[in-house]
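Below: one structure, written as structure tokens.
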Amino acid sequence: MKLKTIFTTGALMAGLSAGAALAEYPERPINMIIPYGAGGATDISARTIAEPLGTAVGKPLVMANVTGAGGATGSVAVQNAAPDGYTMLFARVGSHSVNPAMKATLPYTLDDFRFVTVYEINPVACAVNPSSGIENMDDLIAKVREGGVTYSSSGVGSLLHLAGAMVLREFGIEDPLNQATHIPLKGGGAAATAVLNGTATFICTNSSALASFVANEQLKVILVTTAEPVEGFDAPTAADLGKPALHQLVGWTGIAGPAGLPDDIAQKWGEWMATATQDADFLQKMTERGSVIRLMDPAEANEFIETQYNTFRKLVDDLGMRIEG
Amino acid sequence: MTNRSMQLQLGLGACIAALFLIFVAIPQWVAAPSNIRNIFLSPLFWPYALAGFTALAGLGLVAAGLRDSGDETPLNEASEDPARAWVRLAGMAAIMIVIMYLLPRLGMVWTCMLAFAATAFLVRTRHPIAALICAVAVPLVLYAFFAHVAGVAIPQGTIVRLP
Amino acid sequence: MSFVDSLLAGLALVGNVESFLALFGGVVIGVIGGAIPGMSATMAVALTLPFTFAMQPITGILLLLGVYKGGIFGGSIPAILIKTPGTPASSATILDGYPMAEKGEAGRALGMALWASCTADVISNMALIVFAGWLASFALNFGPPEFFTLILFSLTIIAGVSGDSLLRGALSALLGLLLATIGLDLVYGTNRFTFGDPNMMGGLNFIAVLIGLFAIPEVLAMAWHPTAHLGKTRSIGNKWVTFADYRKSFRSIVRGSMIGVFLGSIPGIGAAPAAFLSYSEARRRSKNKANFGKGEIEGVAASEAGNNGVAGATLIPLLALGVPGDVITAIIIGAFMIHGLQPGPMMFVLNVDIIYGLFMGLIVSSVFLFIVGSAAIRGFKYVADVPKRLLIPTVLVLCIYGVFAVNNNIFDVGVMFVMGWVGYAMMRYHVPAAPFLIAFILGPLLEDNFRQSMLMSGSDWKVLFRGPITWFFWSVTLITVVAIVRAGIKSVRDHSASKMSKS
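Chains as they are written, first to last, in the UniProt record's numbering: chain A, 1 to 325; chain B, 1 to 163; chain C, 1 to 503.
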């Protein structure tokens, strides 16, 4: 009986302190999980925003790379964390719109997360080897119809995998899965190298991943999917070619918490992000790398991701790309 | 354990493992899409090939063990008291299980202090005082280094949080 | 700009105190980071990266390169002293380094590791400076079929590190290959032995497996027999490496460096296979073949030459093509990009001063490595004097922290423990651990490259025989396999002959 009283009191006190913690959130360092490896696009983006964001939050942000299974391992770590705002995730297009659209066995869905922001958009570009003789999208499509065209990606369920199929389909290839071959490689660097050494015919990926190869004239860009031209990429935009549906095909980085994240915490994140993205140094570094900074509040971010997910999901279902096993 | 019995045990073990893989594990736990054009591209091909090679290696070991007669010298250094040695091994296994249970609950620092002390006394250290001092100091120093120098989010648990 | 002009421009860039301070500081950070198991050179580089943002480009990159080089050497310190490789690259060093420490020759082994590392470093840097352009274009010929044949050849290393029984070595390798299949399938993304657990979907973490396989069995062996080590000399020992040792191993060091340079210039292989290949070549050619694996100093020299030979050469594809060869160079490429530099052929035209500045910094880095390494050996040697029954719990705790830090995942600690029991069982059954490790690294590469070859060619077998590179590797593989089989038959015959003569 006495034991039970102690337990109840303890639980009450724990509850009280939890309530107090909410009131003055954050009272200790916040764990920020990056579901991809060091040096990758997500990692660099996350560590760049962490500087001004840490100042805005007022408490240290502890950055932790949890890699594996195309971002799933790190995402699950946040999905299962307590929704107290002390464990947050840097979500990426691959882990939170392509993967859920493509993988039936994924241990999470979009409903398991609450997005507090999307702050960065990365244009997607398609490139070929300059020695391949392909000058523009028409040449590529003609080649696909001949057969034997391959495209490289950083793995099954990556943005690159979906992007290749989506671009071909928009340009009139009815069955891109069988008319062109997808070659998955380990990581974005290897995927670009595959086009460089002729293993694959073309690649569609974030413009920042291609920038140095394009500047060095090792790869030739034939399409960017944004409406506006991308600096340093001398290629027609999807709008120029009359394919506005491809505008959906962009990379992004955002911040999410577990599904039960309270409103006041989400709101605080919105305020912090508004301050952090004003930072001149941050803006300069990100735009230099070809990213577009576009801050979305929690509602807008959720809608953006939902729309992209539904677009991808429809494509995946139409083409039969969904992975069931 | 002599060389011969070891070869035989290993070989039989490998054969059983291979059979288990081929008939139970691979069909059950390796998923493959139904529309594969080429068998060499199937996710099943490589595991089946490996299971086959394992069976071959197992048969080879059995054959080598049967050929190998004589030479009755035991292979491993005998422990002074096998019964107690087994108890200590079981103790080590228990420590590892407890570590895995406590890590998310108690945090890494406190768990490692307990693990250090338990392991040191399990192997009957001659320096009990030094062992206790190290048990407290080593996890703390490592925590300070990993958390504050390397910036790793060392699990803290829910009870006592370190700065 | 002429060569002399470029050289002078480079000198102007690096000829200041900050550059050398950064380089020196980098080597120090690297050696310490590499010496802490689980920290590894990769993590040390990743942790240093944010500090370079505010620096001049050349200073920042030199800092990272210093960390990289220091880390690859630093990994050999715990490999020799506590049988726990500080970085995956130093796992081959364990094979002879730890037995030497057990014999009371830790100082000699560490000294040789340092000398071999520095020599390999110099050779690797020279190769980078002289052959960068040529090797880079050669490396670009490596598509999946070439990789497949190269890795097939590399798997023959297993015979060299199998110890006294080839069959047990093969069994160990198969176990490694099987465990490496855990995770998501590369081509179809389906689950293989994941049991629906998201932690298993990423596959078993390599460093967790590595540390579990080598360090934890020592803990368990200690639990089995706590007093086994008493009476054996296990201290740093008075014996230091001599010039005669160095001269004796010089051929192996040079050969190992060449192997390192070759494998390093091809993106995607990494330092650990280079160290193992170098080791097995040294063993194959040595007169003391029987002593390898029991504390042969030439084995330490060959392994360390192999992994440090990679360090300079991985910069070849990075600078000449803009292609990262491994995780560490992928992080270093990030540093280039943050400073607005785009590695690739154009960099040799646009930023030739930076290139030459880097070259000069690299040459100096070998000297710094020697200085810092000597100091580190003196500092760490006391580890060998710690009573073993205090050292073992410390190793256990260190491994828990280190393995967690690699991927911030408690699951990996569990993987380490389970692999520890696997490793202990293998130890009891005299199944060598090195083939397991090589297979665990190379197995997925072999499978992936085979399937990529099939994909790119539309399932045409002929792609595996395209071009001279594949033919070269097919023939050397064939020659090696024939040699292994002949040696096996000979040993069986000798064995039965000796038995006949006995009876």
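Don't be surprised by glycine CBs; every beta carbon is placed ideally from N, CA and C.
- Sequence-distant residues of the same chain with beta carbon closer than 8 Å to LYS294(C), five excluded per side: ASP96, PRO99
- Is any beta-carbon of chain A found at less than 8 Å from that of GLY107(B)? no
- Does the Cβ of TRP471(C) have 16 or more other Cβ atoms within 10 Å, making it buried, or fewer, making it exposed? exposed
- Contact belief for ILE377(C) with GLY111(C) at Cβ below 8 Å, rounded distance in angstroms: 7 Å
- Message: Just to check my reading of the structure: THR42(C) and VAL327(C) have Cβ atoms closer than 8 Å, yes? What is that Cβ distance to the nearest angstrom?
- Response: 5 Å
- What did DSSP end up calling ALA21(A) once you bin it into helix, strand or coil? Residue confidence for ALA21(A) is low, a pLDDT of 45 falling below 50, so the modelled location carries little weight and cannot support an answer.
- Message: Does chain A have any CB closer than 8 Å to the CB of GLY151(B)?
- Response: yes
- Message: Looking at chain C, is there any beta carbon in it that lies within less than 8 Å of the beta carbon of GLY60(B)?
- Response: yes
- Message: Going by DSSP, what residue range makes up the alpha helix (DSSP H) through TYR143(B)?
- Response: 128–143
- Message: What does the Cβ neighbour count give for PRO145(C), buried or exposed, with the cut at 16 atoms within 10 Å?
- Response: buried
- Determine the chain C residues that contact HIS148(B) at a beta-carbon separation under 9 Å, and present them in chain order. By Cβ distance, chain C contributes nothing, its closest Cβ being about 12 Å from HIS148(B), past 9 Å.
- Message: Cβ closer than 9 Å: which chain B residues qualify as neighbours of TYR188(C)?
- Response: ALA31, ALA32, PRO33, ILE36, LEU41, SER42, PRO43
- Under a Cβ-count criterion, where at least 16 other Cβ atoms within 10 Å of its own Cβ denotes burial, should GLU135(A) be classed as buried or exposed? exposed
- Task: Have a look at ASN129(A), ALA104(A), ILE305(A), ARG294(A) and flag the residue whose alpha-carbon is nearest the alpha-carbon of ALA192(A).
- Result: ASN129(A)
- Message: Cβ closer than 9 Å: which chain B residues qualify as neighbours of MET63(A)?
- Response: GLY151, ALA153
- Message: Can you tell me where the alpha helix (DSSP H) holding TRP86(B) begins and where it ends?
- Response: 82–106
- For chain C, is any of its Cβ atoms less than 8 Å away from the one on VAL102(B)? The question names Val, yet the displayed sequence has Leu at residue 102(B). It does not: the Cβ of LEU102(B) has no partner Cβ on chain C nearer than 8 Å.
- Taking 8 Å as the CB-CB limit, is LEU21(B) close to chain A? no
- Task: Give the range of the beta strand (DSSP E) segment to which VAL62(A) is assigned.
- Result: 61–65
- Have a look at LEU437(C) and TYR356(C) and give me their C-alpha separation to the nearest angstrom. 38 Å
- Could you give the distance in angstroms between the alpha-carbon of LYS103(A) and the alpha-carbon of ARG322(A)? 6 Å
- Message: Please list the terminal residues of the continuous alpha helix (DSSP H) segment that includes ARG92(A).
- Response: No alpha helix (DSSP H) contains ARG92(A), which is instead part of the beta strand (DSSP E) from 87–92.
- How long is the line joining the alpha carbons of THR287(A) and SER207(A), rounded to whole angstroms? 12 Å
- Query: Among ALA14(B), ALA25(B), ILE26(B), which one has its Cα closest to the Cα of ALA63(B)?
  - Reply: ALA14(B)
- Query: How would you label TYR101(B), buried or exposed, when you count the other beta carbons within 10 angstroms and need 16 or more for buried?
  - Reply: exposed
- Task: Would you please state the rounded distance, in angstroms, between the beta carbons of SER97(A) and TYR309(A)? I believe it to be under 8 Å.
- Result: 5 Å
- Counting only beta-carbon atoms, is LEU22(A) nearer than 8 Å to chain C? Confidence is the limiting factor: at LEU22(A) the pLDDT is only 48, short of 50, which leaves the residue's position unreliable, though a coordinate-based value still follows. Not an interface residue.
- If you draw a straight line from the C-alpha of residue 591(C) to the C-alpha of TRP115(C), how long is it? Outside the modelled stretch of chain C, which goes from 1 to 503, sits residue 591(C), for which no answer is possible.
- Task: Taking C-beta pairs closer than 8 Å, name the residues in chain F that GLY157(B) reaches, listed in chain order.
- Result: Structure shown: chain F not included; protein chains present are A, B and C.
- Message: Mapping the DSSP letters down to three states, classify ALA256(A) as helix, strand or coil.
- Response: strand
- Message: So, for LEU150(C): in the same chain, excluding its five sequence neighbours on each side, which residues have a beta-carbon less than 7 Å away from its beta-carbon?
- Response: PHE473
- ILE265(A) and GLY85(A) closer than 8 Å at C-beta: yes
- Is the shortest distance between the beta-carbon of ASN129(A) and the beta-carbons of chain B less than 8 Å? no
- Could you check which residue in GLY256(C), SER165(C), LEU64(C), SER249(C) has the C-alpha nearest to that of ALA487(C)? SER165(C)
- Message: Tell me whether the segment 236–249 of chain A and the segment 291–302 of chain A touch, counting them as touching only if at least three CB pairs, one residue from each stretch, are closer than 8 Å.
- Response: no
- Item | Cross-chain neighbours of ALA330(C) in chain A, by beta carbon under 7 Å | GLY39, GLY189
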